[in-house]
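K.L.:
Residue numbers (the working numbering): 5 to 337.
1. Skipping 5 residues on each side, what residues in its chain have a beta carbon closer than 6 Å to that of residue 319?
2. Looking at C-beta atoms only, is the number of pairs between the region 83 to 99 and the region 109 to 118 that lie closer than 8 Å three or more?
3. Shortest alpha-carbon distance to residue 53 belongs to which of 286, 323, 303 and 275?
4. Just the C-alpha distance for residue 313 and residue 202, rounded to the nearest angstrom, thanks.
5. Would you mind giving the Cβ-Cβ distance between residue 39 and residue 109, rounded to the nearest angstrom? I have them listed as a contact below 8 Å.
6. Exposed or buried, what is residue 167 when buried is set at 16 or more other beta-carbons lying within 10 Å of its beta-carbon?
7. Could you name each continuous beta strand (DSSP E) segment of 3 residues or more that falls completely within the region 212 to 263, going from the start of the chain to the end?
8. Just to confirm the assignment, what range does the beta strand (DSSP E) spanning residue 318 have?
9. Using a Cβ-Cβ cut-off of 6 Å (strictly less than) and excluding sequence neighbours within five positions of residue 36, which residues of its own chain qualify?
10. Look up residue 39 in the DSSP assignment and say whether it is helix, strand or coil.
11. May I have the straight-line CA-CA distance separating residue 295 from residue 213, to the nearest angstrom?
12. Can you give the Cα-Cα distance for residue 272 and residue 329, rounded to whole angstroms?
13. Of the choices 159, 252, 133 and 143, whose alpha-carbon is the least far from that of residue 263?
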């Protein structure tokens with residue numbers, strides 16, 4: 005069979021150039037590193053399909069200081085500390101006090117898995133929103149932002165440089181619940197709840213492509229003991245087992261299933277291979293003024309508001325393909 009095109013797509017969604025070299029997508033990961041953020045970083049690095057320009061940190065699951073420390077620890081675990089910079093971002097939401105999730109992620113944010121690690125890596129100088137702006141200027145139309153925490157850093161960046169929306173290739177963010185119930189309140193998902201004003205700014209800023217990876221799909225991507233068993237003997241198997249143990253226990257107590265919801269790794273997976281999900285293009289907004297439904301993500305499925313669509317909403321996920329990608333990446337040497 006003869007191919008005349010310049011590039012070919014692999015089955016896993018990566019892009020291969022004429023000489024067989026993998027063309028990596030340029031990304032910035034924005035994280036509030038708790039348990040699932042850490043697994044998202046692991047997937048991003050070990051997939052070897054993303055050119056990670058840097059990892060920016062934000063207050064969310066844990067404090068900014070702890071998110072930064074955890075991110076540095078994960079990069080050291082992956083032997084990637086020297087090549088990937090970590091840049092601190094916002095230490096609080098735009099207009100609200102911080103809300104941490106220690107009950108889910110533990111006091112250290114990583115389920116105690118790396119508590120004994122002696123950390124050497126430190127954060128680079130600079131401020132996360134400025135790093136986003138500078139990266140988009142350096143690589144116009146090439147940078148994908150993968151946001152797995154509250155959208156505070158990106159909102160700061162847009163407010164400082166509105167032209168950023170025209171230079172960023174796409175934004176993929178974990179957050180929201182449009183057909184499912186919340187995980188903080190009956191209606192609100194955590195990232196939206198923590199900083200709904202930031203989410204509103206991002207959704208209405210005019211980015212050329214926004215993709216919402218919400219609870220509607222991430223709750224279906226459940227890491228189970230069977231998956232962890234498939235990682236036994238791999239370089240990262242022990243870390244995954246230790247970091248998710250308490251999370252799985254709490255998930256079982258609430259939902260009756262012993263699992264770890266892969267919220268943030270799925271967002272990374274979508275950046276690697278868009279075909280993992282099926283999306284619909286709708287108008288989406290976030291509630292910021294309700295006592296009952298603060299932080300709710302509202303998706304206008306029926307065009308009741310007669311507004312232009314602004315977000316690609318993930319509605320279905322191929323969980324089998326996602327976990328094949330995840331396990332293959334983590335088992336690689």
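Glycine included, every Cβ here is placed at the ideal spot set by N, Cα and C.
If you're wondering where the values come from, they're calculated on a predicted model, not measured in any experiment.
P.N.:
Reading it off the structure:
1. The residue given as residue 319 occupies position 315 in the chain shown. So the list reads 282 and 284, once near-sequence residues are dropped.
2. no
3. Counting from one through the chain shown, the residue named residue 53 turns up at place 49. Selected option, being the one with the closest Cα: 275.
4. Translated into positions along the chain shown, residue 313 becomes position 309. Translated into positions along the chain shown, residue 202 becomes position 198. The straight-line gap from Cα to Cα measures roughly 19 Å.
5. By one-based count along the chain shown, residue 39 stands at place 35. By one-based count along the chain shown, residue 109 stands at place 105. Their Cβ separation, rounded to whole angstroms, is 5 Å, which keeps residue 39 and residue 109 in contact under 8 Å.
6. Translated into the one-based positions of the chain shown, residue 167 becomes position 163. Counting Cβ neighbours within 10 Å, residue 167 comes out exposed, since fewer than 16 surround it.
7. 214 to 217
8. Numbered from its first residue, the chain shown carries residue 318 at position 314. Start and end: 315 to 321.
9. Looking up residue 36 in the chain shown gives position 32. Same-chain partners within the cutoff: 62, 64, 65, 71 and 153.
10. Position 35 of the chain shown, counted from the start, is the residue given in the question as residue 39. The answer is helix: DSSP assigns residue 39 an H, G or I state.
11. Here residue 295 refers to the residue found at position 291 of the chain shown. Here residue 213 refers to the residue found at position 209 of the chain shown. Computed Cα separation, rounded: 31 Å.
12. By 1-based counting over the chain shown, the position of residue 272 is 268. By 1-based counting over the chain shown, the position of residue 329 is 325. Their Cα atoms are separated by approximately 11 Å.
13. Stepping through the chain shown from its first residue, residue 263 is reached at position 259. Closest option to residue 263, Cα to Cα, is 252.
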